[in-house]
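Q: Under my numbering, think of the first position of the sequence shown as 80, with each following residue one higher.
Here a beta-carbon is modelled for each residue, glycine too, at the ideal position from N, C-alpha and C.
Treat the numbers as computed from the prediction; the structure is a model and nothing was measured.
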Amino acid sequence: MEVLKNIDKVQNIVSKQLRDGKTIGFVPTMGYLHEGHIRLIKEARKENDFIILSIFVNPLQFGEGEDLDTYPRDEEHDRRMAEENGVDLIFLPSKETMYPGPLSIEMAVTKRTDVLCGRSRPGHFEGVVTVLTKLFNIIRPDRVYFGMKDAQQVAVVDALIHDYNFPIKLVAVPTVREKDGLAKSSRNVNLSTDERKEAPFIQQALLTGVQLMKDGKKLPEEIMDAVRKFLESKTHGNIDYIELLSYPELESVQTINQPVILAVAVYYKKVRLIDNIVFDQNGEIIKG
Ligand code: AMP
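What follows is the structure in structure tokens.
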């Protein structure tokens, strides 16, 4: 496995792989790898000849007062996990390599972004599509792997690939969870002991919502209210949002007669957690 920080060197290797007719699978991450990331790497390994993992904590997608400075990092651990799981190349650029100066051209996300995390994190998805556009051009992957844990990101990247004709297949991978249901996240290490005990109720709240829907409640408001009450009774975290929207369009719905996403974000002291479930009109959970 190679670890490269330099764009030219990565591009040389990519060119050689493409000349040799190899397919490239790409897994973009911010590092501090856990089993969620590993699931993406394993999916990529199954379907491609050459696997590239990027590790870059992209400052552009963090807003004022967010956790850029406390975002956990462990390069040694990441190298080991990547190597053990069949990554061929880690691209580990510095901030200066990715953004040597101010950009002359900026991207604006105009759909799928005025809801959920896009609403609470202005500029976040602009930062995401900017870094991904650069990474897609450097790595030229055949397939790119994203987790449904960040379902809005999947919806935005789907739009990016479609609108800007990237010849890339987007593969969405189901959320990997701890035994108690908490979605795995690099940020979970920044939960206090008490917060960590409460955090699994986030997924239970979502499942409560799906059950109500199965029991015949089709009005989004009713389901969101019940999820809110459940969460308020089980955790001290501050609820950022609870939303039920069409998926992947992320538009409001009057009643549930198509695939929808039920999504939650909760602020704890040092970390904001997100989770979601995507399900159809019968309450069947859609994975990936
Ligand atoms: P991050 O390093 O948090 O930017 O995540 C990199 C990729 O891993 C994104 O596509 C995430 O959606 C995905 N990911 C993060 N956590 C999980 C998880 N628990 N299950 C599946 N995918 C995940």
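Using beta-carbon positions only, say whether Gly206 and Arg152 come within less than 9 Å of one another.
A: Cβ atoms of Gly206 and Arg152: not closer than 9 Å.
Q: Does the Cβ of Phe358 lie closer than 8 Å to at least one heavy atom of the ligand AMP?
A: For the ligand AMP, not one heavy atom lies less than 8 Å from the Cβ of Phe358.
Q: Determine the contact status of Arg118 and Val233, defining contact as a CB-CB distance below 9 Å.
A: No. Outside cutoff.
Q: So for Thr272, helix, strand or coil by DSSP?
A: Correct three-state label for Thr272: helix.
Q: List the whole-angstrom C-beta distance separating Leu132 from Ile169, where the pair is believed to meet the contact cut-off of C-beta under 8 Å.
A: Right, their Cβ atoms sit about 5 Å apart.
Q: Distance, Cα to Cα, Asp99 vs Arg275?
A: Each residue's alpha carbon lies about 48 Å from the other.
Q: Which ranges does the alpha helix (DSSP H) cover as unbroken runs of at least 4 residues, wholly within the region 181-213, from first to last along the chain?
A: Entirely contained in the region 181-213, the alpha helix (DSSP H) runs reaching 4 residues are, in chain order, 195-199.
Q: Specify the secondary structure class of Arg351 as computed by DSSP and reduced to three states.
A: Of the three classes helix, strand and coil, the one that applies to Arg351 here is strand, per DSSP.
Q: So Val289 is in the alpha helix (DSSP H); what residue range does that whole segment cover?
A: Phe280 to Lys293 is the span of the alpha helix (DSSP H), which, as asked, contains Val289.
Q: Residues bridged to Pro107 by DSSP?
A: Its beta-bridge partners are Ser133.
Q: Just to confirm, are Thr287 and Phe309 a CB contact at a threshold of 9 Å?
A: It is a contact, given that the beta carbons lie within the stated cut-off.
Q: In the DSSP assignment, what are the bridge partners of Asn317?
A: According to DSSP, Asn317 bridges with Tyr346.
Q: Look at Ile281 and Asp229 and say whether their C-beta atoms are less than 9 Å apart.
A: Taking 9 Å as the Cβ cut-off, Ile281 and Asp229 do not qualify as a contacting pair.
Q: Taking 8 Å as the cut-off, is the beta-carbon of Arg200 closer than that to any non-hydrogen atom of the ligand AMP?
A: Checking the Cβ of Arg200 against the ligand AMP gives no.
Q: What is the DSSP secondary structure of Arg307, reduced to helix, strand or coil?
A: If DSSP states are grouped into helix, strand and coil, Arg307 belongs with the helices.
Q: What is the rounded straight-line gap between the Cα of Lys258 and the Cα of Gly226?
A: So the alpha carbons of these two residues sit roughly 18 Å apart.
Q: For Arg158, which option in His113, Arg124 and Pro181 has the closest C-alpha, if you only look at C-alpha atoms?
A: Of the candidates His113, Arg124 and Pro181, the one whose C-alpha sits nearest the C-alpha of Arg158 is His113.
Q: Distance, Cα to Cα, Arg191 vs Glu322?
A: One C-alpha to the other measures close to 13 Å.
Q: Is Asn184 near Glu154, with beta carbons less than 9 Å apart?
A: It should be pointed out that residue 184 corresponds to Ile in this sequence rather than to Asn. No; because the gap between Cβ atoms is not below 9 Å, this pair is not in contact.
Q: Would you say Arg351 and Asp148 are within 9 Å of each other, going by their C-beta atoms?
A: Contact: no.
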